[in-house]
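Numbering (our numbering), first residue to last: 6 to 456.
All residues carry an ideal CB built from backbone N, CA and C; glycine is no exception.
All remarks here apply to the structure that follows.
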């Protein structure tokens, strides 16, 4: 059993049921699990002096496309909306391979860790040539080296351009191929145990790239395998019009018909739900991954977060793909979410602390996990530390619960701990050689974009 003591933290924001904020306290983590929190110093194999630090629960990212890290900031797509943007980028994404997946995952998850995120869900649905094992293996290997909790997905598409969808033929598969591959992915990679570092969900891409039978059969398979379901939904009005024209229903009604509501389902974006649909989400406990920066960049709209929270719809925070965000920084997402909803909803908007809880407890609930999301005995030893003694935080720490939303924090955090192990120390990743990763990543992305 290994142990770590976070010693004498100035402030610990726990995000527990009582919204406790502890001062001058320590945290003992044994074998990856928080055993004690108190004002005494605990003996441990490793002591991390947290004097002068604020400690927060690790942030949890509920929707990403890590492979897009190597197609961000491209001039040709910067002023496009979703459908045109996707159609253009698929011509790049069809050239993905396991090397690109590995290096883009290291880059994206490395940035997440350096900005306080300790669990990453990735929605990967582009499998050129139909092989998914090597691509998922590359992602889990990147996660293992970095030390982040990885929640992968076996995404899927079966509607190409010839079927009225958006992607090229080379990245779609038949329903039977997808279901076989999905079962294999879950059996090979998914660990449902508490404190798991490796999990898998089934995740058809979207109603305009995945057909009715793929959605229906994926839901049946997921429930047979006891894994969760994820897809994009109600992201744009173009999507809404597509589903109305093709199936004669609004997107949520279409998903309901196929078995895609319930506490084991969550949608990315969820911008264009109407009042009645919000009630259905609340009644069925169907979750939403909120991606404010991506929604703004692609001009998709503003998610109705204040109403969702009032109705107790499960909501988590997410960065979305790096090509629609251009970064993997959940701390930035947290502050942008705070500012966006203040602008749009004024006094009805969630405050800074509510946004922190959205990115921790809320995200954990969306992923169906009760072992992460807060700092208290029995929960995972996932957290990050920020030193207060820096110019940009003078006078900013009067309310540490709200600070990350109202003031924000720029740059790398001082420490990130996942599963009781220090994975970021003094702002640098400990699991990999960052300089080597930068060199290899640049070489890989240049070769990829010139294929």
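Helix, strand or coil at residue i according to DSSP, with G and I counted as helix
{"i": "residue 258", "result": "helix"}
{"i": "residue 52", "result": "strand"}
{"i": "residue 300", "result": "helix"}
{"i": "residue 338", "result": "helix"}
{"i": "residue 16", "result": "strand"}
{"i": "residue 245", "result": "helix"}
{"i": "residue 155", "result": "strand"}
{"i": "residue 411", "result": "helix"}
{"i": "residue 281", "result": "helix"}
{"i": "residue 28", "result": "strand"}
{"i": "residue 367", "result": "helix"}
{"i": "residue 357", "result": "helix"}
{"i": "residue 403", "result": "coil"}
{"i": "residue 381", "result": "coil"}
{"i": "residue 459", "result": "In the structure displayed, the chain extends from 6 to 456; residue 459 sits before or after that span and is not available."}
{"i": "residue 46", "result": "coil"}
{"i": "residue 352", "result": "helix"}
{"i": "residue 150", "result": "helix"}
Bridge-paired residues (DSSP) for residue i
{"i": "residue 62", "result": "388"}
{"i": "residue 397", "result": "According to DSSP, which records beta bridges pairwise, residue 397 is partnered with nothing at all."}
{"i": "residue 10", "result": "33, 52"}
{"i": "residue 294", "result": "273, 321"}
{"i": "residue 429", "result": "421, 434"}
{"i": "residue 264", "result": "In the DSSP output, where bridge partners are listed per residue, residue 264 has none listed."}
{"i": "residue 57", "result": "Looking at the DSSP assignment, residue 57 forms no beta bridge with any residue, so it has no partner."}
{"i": "residue 160", "result": "208"}
Nearest neighbour of residue i, chosen from the options [CA to CA]
{"i": "residue 451", "options": "97, 50, 51", "result": "97"}
{"i": "residue 120", "options": "75, 364, 381", "result": "364"}
{"i": "residue 437", "options": "409, 87, 151", "result": "151"}
{"i": "residue 454", "options": "105, 331, 361", "result": "105"}
{"i": "residue 27", "options": "418, 147, 13, 448", "result": "13"}
{"i": "residue 352", "options": "389, 318, 368, 312", "result": "312"}
{"i": "residue 129", "options": "404, 231, 392, 273", "result": "273"}
{"i": "residue 153", "options": "327, 345, 180, 125", "result": "125"}
{"i": "residue 227", "options": "332, 215, 159, 239", "result": "159"}
{"i": "residue 323", "options": "140, 113, 200", "result": "113"}
{"i": "residue 428", "options": "118, 254, 162", "result": "118"}
{"i": "residue 73", "options": "64, 111, 63", "result": "111"}
{"i": "residue 416", "options": "332, 347, 207", "result": "332"}
{"i": "residue 9", "options": "22, 41, 20", "result": "41"}
Boundaries of the alpha helix (DSSP H) in which residue i is found, first to last residue
{"i": "residue 442", "result": "439 to 454"}
{"i": "residue 310", "result": "310 to 315"}
Segment limits, beta strand (DSSP E) that includes residue i
{"i": "residue 322", "result": "320 to 322"}
{"i": "residue 166", "result": "It is not in any beta strand (DSSP E) - residue 166 carries neither H nor E in the DSSP assignment."}
{"i": "residue 43", "result": "38 to 43"}
{"i": "residue 418", "result": "Where residue 418 is concerned, there is no enclosing beta strand (DSSP E), given that its DSSP letter is neither H nor E."}
{"i": "residue 374", "result": "Premise fails: residue 374 is in no beta strand (DSSP E) and is neither H nor E."}
request  = With a floor of 4 residues, list each alpha helix (DSSP H) that falls wholly inside the region 175 to 243, ordered by position along the chain.
outcome  = 180 to 194, 217 to 230
key: Residue ranges of each beta strand (DSSP E) within the region 68 to 104, 3 or longer   = none
query = What residue ranges within the region 102 to 147 form continuous beta strand (DSSP E) runs of no fewer than 3 residues, ordered along the chain?
reply = 122 to 126
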